[in-house]
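The sequence shown stops at residue 194 when you use our numbering, and every number in between is there. Glycine residues also receive a C-beta, built at the ideal position from the N, C-alpha and C atoms. One structure is given here, and the rest of the page talks about it.
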Amino acid sequence: MRTNATGRWTSAAVMVTALAGMTCASPSAYASFDRVAINGVFTAASDGQFATSDYSFHAEESVTSRWTISSTCTSDVECTGEVSSDQGWKAPLHMRMGNVWSVDRDVPNWQVCPDGTAFTGHQTFSFSPSDEHGVTKIGSPYLEGRDKTVGALGACGRFKALVIVMPFRLDKVE
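Laid out in structure tokens, this is it:
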């Protein structure tokens, strides 16, 4: 450290020392991010009545299941966890872009061709906490978004992947 002629620290040295101490402090010392995390049992519903492919509406089977969600957050915009469905699958859960959560998983035999061959689809659920008017509300027991499944390119002799998008919602039950 630099001192002046009287042996005291200069103000610049004091400032650097103070700033170094502030930047080394743990984020957990300042805040808890539990309010951002999603935990509990939810009813998950994909609404097939409003399904789209190629931006055209068509009916698909609606799917309702029960999800158990556990997550932890290291900041207001970074969370990870796991979803366990009563349909027998588990998948990682991530929060991206602030308050948009996503679950990615592969669905075996999702697209069945006329000749009987089947292809895997990649399903992504994306959702965010909302109030009854669709406005983002952290901590809400209601989450809404979309369920998007993309088939394999070239499946069933088509050079365009089958993509089905459905409205999706989660309602906390426990």
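{"Asked": "As assigned by DSSP and simplified to three states, the class of Gln143", "Found": "strand"}
{"Asked": "Pair within 8 angstroms by beta-carbon distance, Val123 and Asp96", "Found": "no"}
{"Asked": "Whole-angstrom distance between Phe179 and Pro134, CA atom to CA atom", "Found": "16 angstroms"}
{"Asked": "Contact belief for Glu164 with Phe188 at Cβ below 8 angstroms, rounded distance in angstroms", "Found": "7 angstroms"}
{"Asked": "Bridge partner(s) assigned by DSSP for Asp126", "Found": "His142"}
{"Asked": "Between the CA atoms of Thr100 and His142 - distance to the nearest angstrom", "Found": "20 angstroms"}
{"Asked": "Backbone CA spacing between Ala79 and Ser66 [nearest angstrom]", "Found": "12 angstroms"}
{"Asked": "Inter-residue Cα distance where the pair is Gln131 and Gly174", "Found": "11 angstroms"}
{"Asked": "The beta strand (DSSP E) enclosing Met186, as first and last residue numbers", "Found": "183 to 192"}
{"Asked": "Buried or exposed by the 16-neighbour rule on C-beta atoms within 10 Å, applied to Ile158", "Found": "exposed"}
{"Asked": "Local conformation of Gly159 per DSSP, three classes", "Found": "coil"}
{"Asked": "CA-to-CA distance, Glu102 to Pro112, given in whole angstroms", "Found": "4 angstroms"}
{"Asked": "With 16 other Cβ atoms within 10 Å as the buried cut-off, status of Met115", "Found": "buried"}
{"Asked": "Nonlocal neighbours in the same chain, by C-beta distance under 6 angstroms from Cys93, ignoring five residues either side", "Found": "Phe53, Val56, Ala57, Cys99"}
{"Asked": "Reduced DSSP secondary structure (H/G/I, E/B, other) of Phe62", "Found": "strand"}
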